[in-house]
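Participant: One structure is given below, represented as structure tokens, and several questions about it will come after.
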Amino acid sequence: MRASRQDILQGTLTLLVLQTLGSGEKHGYAIAQTIEQVSNELLRVEEGSLYPALHRMEQDGWIQSEWKLTETNRKARFYSLTAGGRARLQQETENWERLKAGVGLVLGWAQ
Amino acid sequence: MSWITRLKNTLLRRDGVGQEADDEMAFHLEERTRENITRGMTPAEARREAQMRFGSRSRIKEETREADTVAWLETLGRDARIAMRGITQRPGLAVTAILSLSLGIGATSAIFSVVDTVLLKPLPYPDAGNLVQIQESIRGEKLGGNPARRRDWQQQVTALTGIIGLYGEGVVLTGRGEPRRLTMQRSVGPFFTVLGVPPALGRPYREGEEQAVVLSHKAWQTHFGGNPNILGMSLNLSQAVFTVVGVMPPSFGDSTRADLFAAAPPDLDSPRRTGNWLDLVARLKPGQTIPSLNTQLTTVARRLSEQYPATESALTAYARPLLEATTTEASQPLWLLLATIGAVLLVVCANISSLLLVRANERQREFAVRSAMGAERFALVRLQLLESLWLGLIGGGIGVLVAYWGVELLKYLLPAGLPRVESVELDGRVALFAFGLALIAGLVCGLLAALGGASRSTANQLRDGARTTRRTWLRPAFVMLQVVLSTLLLAGAARFTESLIASVRIPLGFEPQGLIALSYSFPWDTPGKKLKATFDSSLERFAAIPGVTAVGFVDRLPLQGGTQSGHIEIPGRDLVPALRDVSVSHRAISDGYFAALGLPLQAGRMFLPATKDSVETVVNTAFAKLYFPGEDPIGRKFTFDRKRPAGKPIEWLTIVGVVADLRQNLRQTRQAPEAFVPYASTYWPQANFVLRTNGDPATIMAAARQQMLSVDPLMPIESLRPLTDDLREAASQTRTIAGLLGGFALTALLVAAIGLYGLLAGEVTAQRREIGIRLALGAEPSAVLTSVVRRGLVLVVAGLALGLGLSYPALRWLASQLTGTTDSPWNAALLTAALMLMVALVSSLLPARRASRVDPAIALRHE
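Residue numbers (the working numbering), protein chains in the order written: chain A, 1043 to 1153; chain B, 14 to 876.
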């Protein structure tokens, strides 16, 4: 196990972002808001670090971006899932399930 | 895919990427602030909270950018800009380095382009690598191909797809204005299949097809104006009618200078196994190699030897790549030139390294400050490398321009006989070569400089102040290297020139002034009777021209080295191997030849016309001395007929006279043995006449042209010129190469001198204070002067000794190549040493004088 704490966090962030975008395109601020709200504010995204992550994911081809007007008529960069991103989401979710199960077993939560 | 976007972002959208990141972050902060305000914060509070949640904007922006771009490329780009600024800040250094590099790279690339075109590029045939030349020998003596034997090879050597025999002849085109002389390449065997090039227009001629001719592209253009209706046209070639059936593509002309191509007359392609005059070219089957072909050739040759003991006993044959076979003569001088100019480039690089090293030392403090500010050591080395790479690339760019002119100059200077020399040009390969040289030169200069540059700890350097006077071993080493290389080059060039001078100094044996040479030739199947009649009548008519005092016929003019030579056999004598292998030149002449050249008979008499039973010969003094030392050669017999078919009577030649020596060519530095026979005893359709004159050459040449018209109005004169022209031409190749080598060597010497001067001048500047103190304490200025000169001389003498030591074997090799002897190269070495020391003295004296004139008061106040 070479994964450091940061890697796990970063990997998780990718999963969360992909999942959030699964319901439709959003700009960065909306992504941060959604994650917070959906997790009942249990999870709080470090807002700044969201952007380098988004750009990396875009370069990896999982998401794509476009400058558009918001409802309030302001220009913002909207991100949406690509086909590759959808596959990635699937894979990341499975990874997460496996990790959860594995950690659960170790911690002794039977079944 | 993604790296393409990132590369595009790095190279084209640098500012755009940053701007987008800014916009995106600004939007986020505004949204958060608004949200905070709706939650009841004051605007100021709301903004501060938003900032805090977001984190460092500049860090985030940097990270975002990194995600969008190729980070290392960006750093590289930035460093490259800084490096460029560093260069422009020191224009003196930059100009020196770029100028010398561009000259070095340009000259090297120009020579490389000649080497590439002449020696390396494949011949202009498809799969040219599969084409081979086949050389046959009988009892170890090389001979040309024979049509019947060609057929045997073709049928029995399975490694070949085909084999052809080629020979050239001169033909005269008549019926279209002035008679014109064209060269025709005749072939036996599947010419077009083996070479793999079909005509661009029309069809190939068939094997043995009579009266069909294919034109070269050049002949079509120059003699027929590119006439599109050329196919089917009838040409009158040396009184035979040919029909044009095709025109070859232009590229075909790169390998042959023939104007016309035709099958050999069918009666020549006969089963007769005597007569060996063909050049054999063959194509390997795919998958076959030259070694496997050679094994087969050996087997088949043995079989043929047994089958035809009369004509082919002890037959052997071997194949080598056609490209190699056609460039043997040119390859050595060209590689020599390339190696020489490469060494000059190395000297230039060493010099630039040493300049950069000085600069690196000057910048020690700057670097110390930078590294104290947190720059990595590698980043500093990278910066230095980038600076020298810039120098290399700019130098290389200008070098390509230099090469462009250099190629034109070389094409003008190099002998036109060099194969494919006219198609030498700067192409992509040469540009790539120049670019590679530039990169390597830049890297080597920079690495060496960086290596010897900063190595002391930062703290020490900052404490020391600007003045660092330490002597490094590296710069003197560079100067030594330059001296060693220059010594090698100078010694080589001196040796080459020495042999050139020696070869010119040997007496020609005749007075070329006032001699006029006239040549014409018949096709190879002209009957011997007709030849003799035309030659006789020419001799008669030329002799009648006023101002002509003597006329002679000769098959090959002196100074035109020739292939007409052979090994001899003397009856009742077992020649030692050294004598057996001497090539004896063989010339067919008329009675008047010696008189025309002014060669006196030393003994005996002139030969009488040949009879059926005996041929008389006159040999030169070198022949007599070599084979009959201390004996009277008159009356002795010998023969060239060593590879005669068994059973055939030997054609003995009887020596009746000895004539004075005559230079055969300018390359040899010793007189070579030669035998002269009556021209009527041999068959040779190429005629040369020498006219000894005492009048105006122009008038006499015009009269000779007139006389030729009455001998044979349809026979064009091939050349008519004073023999002194030949003399100049014969010397031109050696002179060109000696000139280039000498020029290169002197350039290297100059660069080395500048290097030495730079080193000493730099040291004197750095030690001004020390020198000032010495002078203030009462040292004699002359002592200071000698100490600087001594340092320069020690370096040079060490380099000189090393260089001469290294050059000794090289010079011996060169001497053996040039003259076939291993004369001692000490003259060249002495000359080199003298020149080198003189230059060293001059380049040391200038800084030394400056050192001895240091004013102690000023030097001590300085700093």
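Virtual Cβ for every residue (Gly too), placed ideally from N, Cα, C.
So, at 6 Å on beta carbons, what are the nonlocal neighbours of B/Gly-541 in its own chain, with the 5 sequence-adjacent residues on each side left out?
Facilitator: Only Tyr-696 meet the Cβ criterion.
Participant: Just the C-alpha distance for B/Ala-462 and B/Ile-118, rounded to the nearest angstrom, thanks.
Facilitator: Distance between the alpha carbons of B/Ala-462 and B/Ile-118: 20 Å.
Participant: Just list the residues that DSSP pairs A/Ser-1091 with in beta bridges.
Facilitator: DSSP lists no partner for A/Ser-1091.
Participant: Are B/Thr-256 and B/Gln-224 closer than 8 Å when you measure CB to CB?
Facilitator: Going by C-beta atoms, B/Thr-256 is nearer than 8 Å to B/Gln-224.
Participant: Just to confirm my understanding: we take B/Ser-401, look at its own chain, exclude 5 residues before and 5 after, and list those with CB closer than 7 Å. What are they?
Facilitator: Cβ within range, chain order: Leu-369, Gly-455, Cys-458, Gly-459, Ala-462.
Participant: Indicate whether A/Ser-1107 and A/Glu-1100 have their beta-carbon atoms separated by less than 8 Å.
Facilitator: Yes, Cβ-Cβ distance for A/Ser-1107 and A/Glu-1100 is below 8 Å.
Participant: Alpha carbon to alpha carbon, how far is B/Ile-647 from B/Ile-581? Give it in angstroms, no decimals.
Facilitator: Cα to Cα, B/Ile-581 sits roughly 17 Å from B/Ile-647.
Participant: Listing by chain order, which chain E residues have their CB less than 7 Å from the CB of B/Ala-80?
Facilitator: Within the model displayed, chain E is absent; protein chains A and B are what it includes.
Participant: In this structure, does DSSP put B/Ile-767 in helix, strand or coil?
Facilitator: The answer is helix: DSSP assigns B/Ile-767 an H, G or I state.
Participant: Could you tell me the alpha carbon to alpha carbon distance between B/Ala-84 and B/Leu-399, rounded to whole angstroms?
Facilitator: Their Cα atoms are separated by approximately 17 Å.
Participant: Could you have a look at A/Glu-1108 and say whether DSSP puts it in helix, strand or coil?
Facilitator: Reduced to three states, the DSSP call for A/Glu-1108 is strand.
Participant: For A/Gly-1070, is the classification buried or exposed, using 16 other Cβ atoms within 10 angstroms of its Cβ as the cut-off for buried?
Facilitator: Classification of A/Gly-1070: buried, given that the 10 Å Cβ count is 16 or more.
Participant: With B/Val-371 as the anchor, note down where its alpha helix (DSSP H) starts and where it stops.
Facilitator: Unbroken alpha helix (DSSP H) run through B/Val-371: 335-375.
Participant: Does any C-beta atom of chain B lie closer than 8 Å to the C-beta of A/Gly-1070?
Facilitator: Closer than 8 Å to some Cβ of chain B, the Cβ of A/Gly-1070 qualifies, so yes.
Participant: For the beta strand (DSSP E) that contains B/Gln-146, what are its first and last residues?
Facilitator: Per DSSP, B/Gln-146 belongs to the beta strand (DSSP E) from 144-151.
Participant: CB-CB under 7 Å to B/Ser-745, same chain, minus the five flanking residues each way: which ones, in chain order?
Facilitator: Cβ within range, chain order: Pro-428.
Participant: What are the residues of the stretch 321-346 of chain B that lie near chain A, defined by any Cβ-Cβ distance shorter than 9 Å?
Facilitator: Listed in sequence order: no entries.
Participant: Just how far apart, CA to CA, sit B/Phe-653 and B/Phe-237?
Facilitator: Computed Cα separation, rounded: 45 Å.
Participant: Could you pull out every residue in the same chain whose Cβ sits closer than 8 Å to the Cβ of B/Ala-327, ignoring the five residues on either side in sequence?
Facilitator: Excluding residues within five positions, the ones whose Cβ falls inside 8 Å are Ile-151, Arg-152, Gly-153, Ser-318.
Participant: Name, please, each residue of chain B whose Cβ falls closer than 7 Å to the Cβ of A/Glu-1088.
Facilitator: Those within 7 Å of A/Glu-1088 in chain B are Gly-68.
Participant: Using DSSP's beta-bridge definition, name the partner residues of B/Tyr-180.
Facilitator: B/Arg-199.
Participant: Taking only runs that begin and end inside the stretch 505-560 of chain B, name each unbroken beta strand (DSSP E) of 3 or more residues, in chain order.
Facilitator: You should have 528-534.
Participant: As a quick exercise: from B/Thr-269, B/Leu-25, B/Arg-618, pick the residue whose alpha carbon is nearest that of B/Glu-435.
Facilitator: Of the listed residues, the one whose Cα sits closest to B/Glu-435 is B/Thr-269.
Participant: Out of B/Ser-126, B/Pro-729, B/Ala-295, B/Tyr-138, point me to the one whose CA is closest to B/Ser-200's CA.
Facilitator: Of the listed residues, the one whose Cα sits closest to B/Ser-200 is B/Ala-295.
Participant: On the DSSP letters alone, give me the boundaries of the beta strand (DSSP E) that B/Asp-292 sits inside.
Facilitator: Its beta strand (DSSP E) spans residues 292-297.
Participant: Using a Cβ-Cβ distance cut-off of 8 Å, determine whether A/Arg-1130 contacts chain B.
Facilitator: No, A/Arg-1130 lies away from the interface with chain B (no Cβ there is under 8 Å from its Cβ).
Participant: With a 10 Å radius around its C-beta and 16 neighbouring C-beta atoms as the bar for buried, classify B/Gln-720 as buried or exposed.
Facilitator: Flag for B/Gln-720 reads buried.
Participant: Let me make sure I understand the geometry here. Which of B/Val-437, B/Leu-426, B/Phe-274, B/Leu-133 has the alpha-carbon closest to that of B/Ala-338?
Facilitator: The shortest C-alpha separation from B/Ala-338 is found at B/Leu-133.
Participant: So, using beta-carbon positions, are B/Phe-757 and B/Thr-510 closer together than 8 Å?
Facilitator: Not a contact, by the Cβ cut-off of 8 Å.
Participant: Give me the Cβ distance between B/Thr-500 and B/Gly-812, rounded to the nearest whole Å; I'm assuming they're in contact under 8 Å.
Facilitator: Right, the Cβ-Cβ distance comes to about 7 Å (below 8 Å), so this counts as a contact.
Participant: Alpha carbon to alpha carbon, how far is B/Arg-862 from B/Arg-734?
Facilitator: So the alpha carbons of these two residues sit roughly 59 Å apart.
Participant: Below 8 Å, how does it come out for the stretch 67-81 of chain B and the stretch 96-111 of chain B: are there three or more Cβ pairs, yes or no?
Facilitator: No, the stretch 67-81 of chain B does not touch the stretch 96-111 of chain B.
Participant: Could you name the residues that DSSP lists as bridge partners for B/Thr-187?
Facilitator: Answer is B/Asn-249, bridged to B/Thr-187.
Participant: Whose CA, out of B/Ala-870, B/Ile-663, B/Asp-738, lies closest to the CA of B/Arg-781?
Facilitator: Closest option to B/Arg-781, Cα to Cα, is B/Ala-870.
Participant: Since B/Val-802 and B/Leu-769 are thought to touch, with beta carbons under 8 Å apart, how far apart are those beta carbons, to the nearest angstrom?
Facilitator: Between B/Leu-769 and B/Val-802 the Cβ distance is about 11 Å, and since that is not below 8 Å, they are no contact.
Participant: Counting pairs of Cβ atoms below 8 Å between the stretch 720-731 of chain B and the stretch 559-569 of chain B, do you hit three or more?
Facilitator: Cβ pair count under 8 Å is below three, so no.
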